[in-house]
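So for the sequence shown, this note's numbering puts the first residue at 203; every next one is plus one.
Quick reminder that beta carbons are idealized off the backbone N, C-alpha and C, glycines included.
Remember, it's a predicted structure, so these values are computed and weren't measured experimentally.
Reviewing the structure listed below.
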Amino acid sequence: MDKSIKDHLKNWDFDRIGRVDLAILRISTFGLLFLSDVPPKVTIDEAIDIAKKFGSTESYRFINGVLDGINKETRI
Numbered sequence: 203m204d205k206s207i208k209d210h211l212k213n214w215d216f217d218r219i220g221r222v223d224l225a226i227l228r229i230s231t232f233g234l235l236f237l238s239d240v241p242p243k244v245t246i247d248e249a250i251d252i253a254k255k256f257g258s259t260e261s262y263r264f265i266n267g268v269l270d271g272i273n274k275e276t277r278i
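Written as structure tokens, this is what we have:
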């Protein structure tokens with residue numbers, strides 16, 4: 203899953219991702235890749251909500267961008 207996240211980082215180093223953001227990304231990436239019974243929009247929306255509550259002020263935008271890229275790639 204980390205490879206999928208790394209592949210969708212733009213101008214960002216994987217090692218600089220905060221622990222909370224990385225945990226959200228890992229769980230959500232798992233959902234996008236392996237839980238076909240959960241719609242991708244639900245997974246991404248839930249990740250954004252969690253990031254807004256527990257991440258920094260801009261975390262949700264970052265997480266949305268990464269997950270959107272992963273989703274688009276896996277749905278092709």
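Smallest Cα separation from residue i: which of the options?
i: P241; options: D270, F216, V222; result: D270
i: K255; options: L235, D223, H210; result: D223
i: W214; options: T276, R277, G267; result: G267
i: R263; options: D204, I226, M203; result: I226
For residue i and residue j, which I take to be in contact (beta-carbon distance under 8 Å), what is that distance rounded to the nearest angstrom?
i: I250; j: S206; result: I250 to S206, Cβ: 18 Å. No contact.
i: I246; j: S230; result: 7 Å
i: L235; j: T276; result: 6 Å
i: R221; j: M203; result: The Cβ separation is near 15 Å, so there is no contact.
Quick one: what does DSSP say residue i is sitting in, helix, strand or coil?
i: K208; result: helix
i: P242; result: helix
i: E275; result: helix
i: S258; result: coil
i: L237; result: coil
i: G220; result: coil
i: N213; result: coil
Taking CB distances under 8 Å as the criterion, tell me whether residue i reaches chain E.
i: R277; result: The structure shown contains no chain E; it is built from a single protein chain.
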